[in-house]
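Data first, discussion second: the structure below is written as structure tokens.
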Amino acid sequence: MSEQPNCCPHCQFRLDIIETVLIENEEIQVNYCEQCDSEVLMIDEDVWLWEF
Numbered sequence: 004m005s006e007q008p009n010c011c012p013h014c015q016f017r018l019d020i021i022e023t024v025l026i027e028n029e030e031i032q033v034n035y036c037e038q039c040d041s042e043v044l045m046i047d048e049d050v051w052l053w054e055f
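Counting in this note's numbering, the sequence shown runs from 4 upward without gaps.
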């Protein structure tokens with residue numbers, strides 16, 4: 004996972020990390036966007052796509 008804070012792909016608001024879970028040997032990060040009031044899931048290898 005990146006050291007940079009992640010942003011919501013919809014509104015660019017900074018995400019809060021809820022937890023990281025391991026599913027089928029992949030780390031999935033569960034994030035929450037207060038602005039959109041929704042959860043955003045990120046797979047560790049795709050985090051660079053979400054950074055702005």
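Here a beta-carbon is modelled for each residue, glycine too, at the ideal position from N, C-alpha and C.
- Per DSSP, the continuous beta strand (DSSP E) segment holding L25 begins and ends at 19-26.
- Within its own chain, the residues whose Cβ lies closer than 6 Å to the Cβ of T23, once the five positions on either side in sequence are excluded, are E30, Q32, listed in chain order.
- Scanning its chain for C-beta atoms nearer than 6 Å, with the 5 sequence neighbours on each side dropped, one finds around P8 the residues R17, in chain order.
- Going by DSSP, N34 is part of the beta strand (DSSP E) stretching over 29-36.
- 8 Å or more divides the Cβ of I26 from the Cβ of Y35.
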